[in-house]
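Remarks on the structure that follows.
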């Protein structure tokens, strides 16, 4: 089966610019997650979707981050405007339903804000 | 808030030595999962533990869930260079919808 696809692989932007990341989960996986992983730390949840509805966005900095999964398949995560502290790897993961099935992660997008 | 701490943060071992990482949660977990992240890679699911006191083995890897379901361990016997990476535990709190990842243990294996 195809894995979780993410693009771009790398992105360098200046602070205050905007950026968008794209994720296509494994076919049939209802649940999609966006995680932020700062260098040397564990992944931190930003937002969780079940089909096209938001399940948990309690840790999403909503003043600058937004995400959508309009048709319940692929998803985009946007940052506007970016700050230096947003430099991290943005990981998309999907699972069949609940986390009990384990997550499959994409390769991630490494964002550098300068 | 929920915290999942792992110790040690870093571990260097000679190839062939054993390795253990410990995971401790501030809250009781309904299950715990372990992931491996190779340098420059993404986390890959290894295993899930659900029952109190559960022990599971995968070749040289042994995973254990504590009796109180607040801690877990991963033990690797006779490490190999292919074991290099960061090992994360990830806990699911009862009633929660998503995993909370630990701080990770970075393993280096010296040939």
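Chains as they are written, first to last, in the numbering used here: chain A, 40 to 153; chain B, 115 to 225.
Every residue, glycine too, gets a C-beta built ideally from N, C-alpha and C.
Quiz item: For the beta strand (DSSP E) that residue 106/A lies in, which residues bound it at each end?
Solution: 104-107
Self-check item: Residues near residue 128/B by beta carbon distance below 6 Å, same chain, minus five either side
Solution: 224
Practice problem: Output the distance between the C-alpha atoms of residue 85/A and residue 101/A, rounded to the nearest integer angstrom. | Solution: 10 Å
Quiz prompt | Contacting residues, own chain, Cβ-Cβ under 7 Å from residue 195/B (five flanking each side not counted) | solution = 129, 223 and 225
Quiz item: Based on the DSSP secondary-structure assignment, which residues constitute the bridge partners of residue 59/A?
Solution: 117/A
Practice problem: Give the interface partners of residue 117/B over in chain A, defined as CB-CB distance under 7 Å, in chain order. | Solution: Per Cβ cutoff of 7 Å: no residues; residue 117/B is ~11 Å from chain A at best.
Exercise. Determine whether the Cβ of residue 156/B lies closer than 9 Å to any Cβ atom of chain A.
Key: yes
Practice problem: Return the first residue and the last residue of the beta strand (DSSP E) that residue 172/B is part of. | Solution: 169-172
Exercise. Report the rounded CA-to-CA distance for residue 133/B versus residue 150/B, giving the unit in angstroms.
Key: 14 Å
Exercise. Show which residues of chain B have a CB atom less than 8 Å away from the CB atom of residue 136/A.
Key: In chain order: nothing, as chain B lies at least about 10 Å away.
Exercise. Determine the contact status of residue 145/A and residue 130/A, defining contact as a CB-CB distance below 9 Å.
Key: yes
Quiz prompt | CA nearest to the CA of residue 152/B, picked from 197/B, 166/B and 126/B | solution = 197/B
Practice problem: Identify the continuous beta strand (DSSP E) that holds residue 112/A and give its terminal residues. | Solution: Premise fails: residue 112/A is in no beta strand (DSSP E) and is neither H nor E.
Quiz item: Rounded to the nearest angstrom, how far is the Cβ of residue 127/A from that of residue 116/A, given a contact under 8 Å?
Solution: Actually they are not in contact, since the Cβ atoms of residue 127/A and residue 116/A sit about 12 Å apart, beyond 8 Å.
Quiz prompt | Counterpart residues of residue 200/B in DSSP-defined beta bridges | solution = 151/B and 220/B
Quiz prompt | Classification of residue 193/B by the beta-carbon crowding that lies within 10 angstroms, buried from 16 upward | solution = buried
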